[in-house]
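Enquirer: Numbering (full-length UniProt numbering), first residue to last: 1 to 390.
Note that beta-carbon positions come from the ideal geometry of N, C-alpha and C, so glycine has one too.
Keep in mind the model is a prediction, meaning the values are calculated, not measured.
One structure coming up, written as structure tokens, with questions to follow.
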């Protein structure tokens, strides 16, 4: 709750984005960012603005020139909303605008991403609740950016209203159950992306346990989450290997900087740490070798209409990673492993921790005959050094 917290312009919503009936032009977004930037430079406390009787500015406010747009009254559920609570309730702005707007605010007040309104609800919870209450598309750009910036505990914030995943799952379940005449596949895919984003950036096992303990959660909700997280894990191995390949292109020089951002997964959970630590060691090892002669193709070929075009597309689709196996299993005759096997093991362990079935991982159990805490590498003297992976 906000309590007696002081804001720069309580109740005026000066820094809140306007509600718009359609997607604005890039020129409009640039101009709006410029206005917000000048306002924040003049008065940085506007970034933390919240409204005791909150109703964010709407299109009608700006059409009624005789009304005072700074005097808002609204339902109690909106009391204490900040600029991020309001932003996540819109879905008309581009990803570029959303990221720049949020970065502008958090450069002044990072807590704005996780602050609760008077009802104890965070911006992520509001973002997920919008679809359930109003049948809207999610502001997936805001959801993804907030998830990347906050700790998993904030993704899983409960309070008295249920974690964000609860509302996103209920929305997606309801949408998928819609009659064919009103079924909106685009909206379904948007909410599916929202559910998967929350699972990637929170502690999935904890979120699944939370859902199972909710009195109003039905079997179809749990089945949906199991299905969606299984899909995330099935995609992750190829995603990580593609990122590894991209880090070595175009001159086969490892580019560790920015890898964390390219892996669409938190590094704050046990599972996330395993994936990120494996990737970091892989890049460190690749940087030490600095050679393209130890590379192998690890991805399949794309479909094509004729053999010549197919061959050209196949060459473009190849993903190369150092075949040098830079991981060693402690005490197993210095058994060597590559990044693929290590990531596969982490995914299998995560699926088991969450009680998931239906994992589709090439190679099966043959790749998993080791435990991640046993992993290390051989230093230049041939001595085993533990990677200290949990």
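1) How long is the line joining the alpha carbons of residue 274 and residue 111, rounded to whole angstroms?
2) Starting from residue 385, trace the beta strand (DSSP E) in both directions and tell me its first and last residue.
3) From the DSSP output, in three-state form, read off residue 392 for me.
4) Is there contact here, the region 221 to 235 with the region 190 to 205, by at least three beta-carbon pairs under 8 Å?
5) Pick helix, strand or coil for residue 208, following the three-state DSSP scheme.
6) Helix, strand or coil for residue 336, going by three-state DSSP, please let me know.
7) Hey, out of 350, 25 and 158, whose CA is closest to residue 114's CA?
8) I'd like to know whether the C-beta atoms of residue 265 and residue 343 end up nearer to each other than 8 Å.
9) Decide if residue 22 is buried, meaning its Cβ has at least 16 other Cβ atoms within 10 Å, or exposed.
10) Relative to the C-alpha of residue 133, which candidate in 27, 269, 174 and 108 has its C-alpha closest?
11) Please return the same chain residues whose Cβ sits closer than 7 Å to the Cβ of residue 95, not counting the five positions on each side in sequence.
12) Please report the residue range of the alpha helix (DSSP H) in which residue 375 lies.
13) Where does residue 327 sit, in a helix, a strand or coil, going by DSSP?
14) Starting from residue 50, follow its DSSP beta bridges and name the residues at the other end.
15) Work out the CA separation of residue 89 and residue 19 for me, nearest whole Å.
16) Thinking residue 282 and residue 339 are a contact (beta carbons under 8 Å), I'd like their distance in whole angstroms, please.
17) Looking only at its own chain, which residues have a Cβ that is under 6 Å from the Cβ of residue 353, when we skip the five neighbours before and after it?
18) Pick out the complete alpha helix (DSSP H) segments inside the region 92 to 161, 4 residues or longer, and give them in chain order.
19) Would residue 138 be called buried (16 or more neighbouring beta carbons within 10 Å of its own) or exposed?
20) Leaving aside the five residues before and after residue 390 along the sequence, list all residues of the same chain whose C-beta is less than 6 Å from its C-beta, in chain order.
21) Over the uninterrupted alpha helix (DSSP H) stretch that includes residue 15, give me the two end residues.
22) To which residues of the same chain is residue 116 closer than 6 Å at the C-beta, ignoring the five residues directly before and after it?
23) Express the C-alpha separation of residue 226 and residue 432 in angstroms, rounding to a whole number.
24) Could you check where the alpha helix (DSSP H) with residue 172 kicks off and where it finishes?
25) According to the neighbour-count rule (16 or more other Cβ atoms, all chains shown, within 10 Å of its Cβ), is residue 384 buried or exposed?
26) Around the C-beta of residue 82, are 16 or more other C-beta atoms found within 10 angstroms, so that it is buried, or is it exposed?
27) Please report the distance separating the alpha-carbon of residue 147 from that of residue 202.
28) Distance, Cα to Cα, residue 103 vs residue 42?
29) Need the endpoints of the alpha helix (DSSP H) that residue 285 sits in, please.
30) Are there 16 or more other CB atoms within 10 angstroms of the CB of residue 380, so buried, or fewer, so exposed?
31) Under 8 Å, do residue 85 and residue 150 count as touching if we go by C-beta distance?
Expert: Answer, in terms of the structure:
1) 28 Å
2) 384 to 386
3) A query on residue 392 cannot be resolved here, the shown segment of the chain reaching from 1 to 390 and no further.
4) yes
5) helix
6) The three-state reading of DSSP puts residue 336 in strand, counting E and B together.
7) 158
8) no
9) exposed
10) 174
11) 141
12) Here residue 375 belongs to no alpha helix (DSSP H); instead the beta strand (DSSP E) covers 375 to 378.
13) Under the three-state reduction of DSSP, residue 327 is assigned to strand.
14) 82.
15) 9 Å
16) 5 Å
17) Around residue 353: 205.
18) Taking 4 residues as the minimum length, the alpha helix (DSSP H) runs contained wholly in the region 92 to 161 are 95 to 106, 123 to 134, 140 to 149 and 152 to 155, in order along the chain.
19) buried
20) 270
21) Taken as a continuous stretch (DSSP letters only), residue 15 belongs to no alpha helix (DSSP H), as it is neither H nor E.
22) 122
23) No information on residue 432 is available, as it lies outside the stretch 1 to 390 that the chain covers here.
24) 164 to 176
25) Residue 384 is exposed by the Cβ-count criterion.
26) buried
27) 8 Å
28) Answer to the nearest angstrom: the Cα atoms are 17 Å apart.
29) 270 to 289
30) exposed
31) no
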